[in-house]
Amino acid sequence: MTAVYVALAAPFLAALLGLLGGRRWPGLVVPVAVGGTTAALVAASVLGGRVVLDAPLSLRVQLADVPTGGPPFGIDLRADGLAAMVSVAVCVVALCVQVYSTAYLKGDPRYSSYAALVSLFTAAMLLVVFADDLMVLLVGWEVMGVCSYFLIGHHWEQEAARAGAVKAFVVTRLGDVGFLFGIFALVRAVGSFSIDEVVRSGVGTERTATVATLLLLCGVVGKSAQFPLHTWLPDAMAGPTPISALIHAATMVAAGIYLVVRLFDVFLQAPTTLAVMAVIACITMLGGALAALGQDDIKRVLAYSTVSQLAYMLAALSVGSAVAANFHLLTHAAFKALLFLAAGSVIHAVGTNLMPDMGGLRRLMPVTFLTMTVGLAALAGLPPFAGFFSKEAVLGAAEETARHGNGVAAAWTGWLVLVVGLITVAVTAAYVTRLWLMTFLGDRRGAAAAHESGPAMRWPLLALAVPSVLLGIVGLRDGWLPRWATRGDAGEVAQASLHVGLATSGVSVLLAVAGAAAMWLAWRRNPAADPTAALRARPAFERAFWVDEMYDRGVVGPVRGMARAVLRADDEVVTGAVRGTGRGATGLGRLVSLSQQGNVQTYLTGLLAGVLLLALGVVTLT
Amino acid sequence: MPLLMPVLLAGLLFCIGVYGVLARRNAILVLMSVELMLNAVNINLVAFDVWLRDELLAGQVFTLFVITIAAAEVGLGLAIVLLVFRNRATSSLDEMTELREDAA
Numbered sequence: 001m002t003a004v005y006v007a008l009a010a011p012f013l014a015a016l017l018g019l020l021g022g023r024r025w026p027g028l029v030v031p032v033a034v035g036g037t038t039a040a041l042v043a044a045s046v047l048g049g050r051v052v053l054d055a056p057l058s059l060r061v062q063l064a065d066v067p068t069g070g071p072p073f074g075i076d077l078r079a080d081g082l083a084a085m086v087s088v089a090v091c092v093v094a095l096c097v098q099v100y101s102t103a104y105l106k107g108d109p110r111y112s113s114y115a116a117l118v119s120l121f122t123a124a125m126l127l128v129v130f131a132d133d134l135m136v137l138l139v140g141w142e143v144m145g146v147c148s149y150f151l152i153g154h155h156w157e158q159e160a161a162r163a164g165a166v167k168a169f170v171v172t173r174l175g176d177v178g179f180l181f182g183i184f185a186l187v188r189a190v191g192s193f194s195i196d197e198v199v200r201s202g203v204g205t206e207r208t209a210t211v212a213t214l215l216l217l218c219g220v221v222g223k224s225a226q227f228p229l230h231t232w233l234p235d236a237m238a239g240p241t242p243i244s245a246l247i248h249a250a251t252m253v254a255a256g257i258y259l260v261v262r263l264f265d266v267f268l269q270a271p272t273t274l275a276v277m278a279v280i281a282c283i284t285m286l287g288g289a290l291a292a293l294g295q296d297d298i299k300r301v302l303a304y305s306t307v308s309q310l311a312y313m314l315a316a317l318s319v320g321s322a323v324a325a326n327f328h329l330l331t332h333a334a335f336k337a338l339l340f341l342a343a344g345s346v347i348h349a350v351g352t353n354l355m356p357d358m359g360g361l362r363r364l365m366p367v368t369f370l371t372m373t374v375g376l377a378a379l380a381g382l383p384p385f386a387g388f389f390s391k392e393a394v395l396g397a398a399e400e401t402a403r404h405g406n407g408v409a410a411a412w413t414g415w416l417v418l419v420v421g422l423i424t425v426a427v428t429a430a431y432v433t434r435l436w437l438m439t440f441l442g443d444r445r446g447a448a449a450a451h452e453s454g455p456a457m458r459w460p461l462l463a464l465a466v467p468s469v470l471l472g473i474v475g476l477r478d479g480w481l482p483r484w485a486t487r488g489d490a491g492e493v494a495q496a497s498l499h500v501g502l503a504t505s506g507v508s509v510l511l512a513v514a515g516a517a518a519m520w521l522a523w524r525r526n527p528a529a530d531p532t533a534a535l536r537a538r539p540a541f542e543r544a545f546w547v548d549e550m551y552d553r554g555v556v557g558p559v560r561g562m563a564r565a566v567l568r569a570d571d572e573v574v575t576g577a578v579r580g581t582g583r584g585a586t587g588l589g590r591l592v593s594l595s596q597q598g599n600v601q602t603y604l605t606g607l608l609a610g611v612l613l614l615a616l617g618v619v620t621l622t
Numbered sequence: 623m624p625l626l627m628p629v630l631l632a633g634l635l636f637c638i639g640v641y642g643v644l645a646r647r648n649a650i651l652v653l654m655s656v657e658l659m660l661n662a663v664n665i666n667l668v669a670f671d672v673w674l675r676d677e678l679l680a681g682q683v684f685t686l687f688v689i690t691i692a693a694a695e696v697g698l699g700l701a702i703v704l705l706v707f708r709n710r711a712t713s714s715l716d717e718m719t720e721l722r723e724d725a726a
């Protein structure tokens, strides 16, 4: 349990120190930030090591009970295999990002608050990972959201960063409202905020489970950037690239998936929710991949690819395989963080985000080229890279559900996920190839003289390239990932074990190769041009199917109009009434003051008349 | 003696006083009109005192008070009028309107 405390406290203290003293002792910022994250990584590794060596791990601690009007909630923490695995992934990526940022943001005037916020984010994410109480989890969840907001807006002097930060905050908040009410629904049904309690006792009727899980799904869809709330993630790319790697690719957006895994027993009670999840996942998966095909900004390609890959995890959950989702979460964290950091290295070197201005960087940046190639191969799902195995796990689970059923998810969801997943594999390979070709091959376009990045940026890339290659292997044997990520009962392990079907593997590899080959042939014709330029549907891809525009028309416009109407009502009706009262009183006073002429005798005449009138009134009325 | 006569006389004097206070322009005449009003009240006090056969003669005592106060008041009033006249060479009330509200 000490390891859990250390993992939570170290980055939090680092954040506190960084925020309070970062300005006064600038020399301490880097050691504090890197040290805090390193301590957390060591602690998480201890947990992970224990899981690997003598699984299963199950630690629970209740630090305090907080009485409320209703069921009390407790400061409960838990460390089990799943939490240990995810915490190691979080800490590895966080440490890589901290080290990388020392070079990437060298000389940035706000580096100290940036590093502190990254530490705070790490602490919050670990709190989510280790939370055993829905309220504690919510606290971590919201702190992550705030950190994300601040870090997207790091370059707040740029309009795009400000707008992206606000958009991310508002859109995820929209989902979080549902999330909060989902928690309330669960607590009402179970009578406890404890996740352990909720999972163990179940929610009762299917109807309650459906309502609660659908509400929770709102939060998941918001946080994990799934359709229809995915629009914030591409705009969040206005933040610094290491932030995109940590928060908007590897960890925070995966928190939604992690939450579903945590509460998966409740989700299994609600087949309707699983079906909704499958549909959302399929729309997002394919839509995100197609949108990635039309982007010119290298970070936006990766952002849409993140959206699409998160949808794979959600799809795995919707067909009832939490382990496959978890597996893909871990491998995706590794290779997507690598991809973003490599993209950051490229951007740092050439000074632009736009792929049409890159090209030919292969010889100039060999380390970046090599590591990015590894990451892209993993993303495309080429064997033997990590992404291949985890994607196979997802597709295998879908195939299993489609063909044999698993008693929870409907067979049609299995078919849907399988078919859409396979199509997406081809599209993924296509956009991955396009990114690779446009960035690294061909002739150098654009003026800036590119060069390889420094060691602080190279080493994190190499460190992340290792799991991007090797992490797939841990899913191969029942005794490894399935045992680590569950409670370790034999039956459960067997159920959770990954189904890698030869048929799906063969088809998916063929499709990936076909997608990549198509893109390569298109590029061969004119290496200087965008290989998708000739596509008829490219405008739709580039604008991501005009979802943003639809929101503008359907939501932003009407809300703005309403706000204007309210403003006008306030200006003209409310303010008018207030001003009118004042103006009326002033006018009346001016009228009365006309009688004040300074002639005492006139006043006295008025006084006498008044007295006479009063006397007359008293006499006649009584 | 019937009450009617002194009360009528007092009412007449009071009305003349009121008219003088409201209508005369000269400050001194206005002061004199105030005296008329006070004396009308005095007549009333004495008349009712007699008519009610008050043992303590409260009406007459009050009259003495009023006469004293009236003397003091006239002294003060004439002094003020004198000062105003020295300053402005006029004692017309119509011209003393400095305290009015100027139309904003």
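As they're listed, the protein sequences go chains A and B.
Position one of the first sequence corresponds to residue 1 (our numbering), numbered consecutively onward.
Position one of the second sequence corresponds to residue 623 (our numbering), numbered consecutively onward.
Beta carbons are placed, not taken as given, at the ideal position from N, Cα and C, and that holds for glycine.
Note that the coordinates shown come from a computational prediction; the quantities given were computed from them, not determined experimentally.
Say whether chain A places a C-beta atom closer than 9 angstroms to the C-beta of residue i.
i	result
B:Met718	yes
B:Phe636	no
B:Val606	For residue 606 of chain B there is no data in the structure shown, the boundaries of chain B being 623 and 726.
B:Leu651	no
B:Val643	yes
B:Leu715	yes
B:Leu658	no
B:Arg675	no
B:Leu667	no
B:Leu631	no
B:Leu678	no
B:Leu626	no
Look up residue i in the DSSP assignment and give the residues it is bridged to.
i	result
A:Gln62	A:Asp76
A:Leu354	A:Asp297
By the three-class DSSP mapping on this structure, what secondary structure does residue i have?
i	result
A:Ala249	helix
B:Asn648	strand
A:Ser321	coil
A:Ser192	coil
A:Leu471	helix
A:Asp133	strand
B:Ser713	coil
A:Met623	Chain A is shown only over 1 to 622; residue 623 of chain A falls outside these bounds and no answer can be derived.
A:Gln269	coil
A:Ser593	helix
A:Asp571	helix
B:Trp673	helix
B:Leu630	helix
B:Glu695	helix
A:Gln158	coil
A:Glu628	Since the first and last residues shown for chain A are 1 and 622, residue 628 of chain A lies out of range.
A:Thr368	helix
A:Gly69	coil
A:Ala537	coil
A:Gln226	coil
A:Met85	helix
A:Trp436	helix
A:Met125	helix
Could you tell me whether the Cβ atoms of residue i and residue j are closer together than 9 angstroms?
i	j	result
A:Arg458	A:Ala450	no
A:Gly256	A:Gly222	yes
A:Val266	A:Ala212	yes
A:Trp232	A:Val171	yes
A:Trp436	A:Met365	no
A:Ser305	A:Leu246	no
A:His155	A:Gly239	yes
A:Leu310	A:Ser390	no
A:Gly69	A:Ser194	no
A:Ala679	A:Pro31	What is shown of chain A runs 1 to 622, which leaves residue 679 of chain A out entirely.
With a cut-off of 9 angstroms, does the C-beta of residue i fall near any C-beta of chain C?
i	result
A:Gly145	No chain C appears in this structure, whose protein chains are A and B.
*At a Cβ cut of 8 angstroms, what residues of the segment 579 to 607 of chain A count as close to chain B, listed as they run along the chain?*
Arg590, Ser593, Leu594, Gln596, Gln597, Gly598, Asn599, Val600, Gln601, Leu604 and Thr605
*Got a sec: which bits of the segment 685 to 716 of chain B sit with their beta carbon under 9 angstroms from any beta carbon on chain A, in order along the chain?*
Correct list: Leu715 and Asp716.
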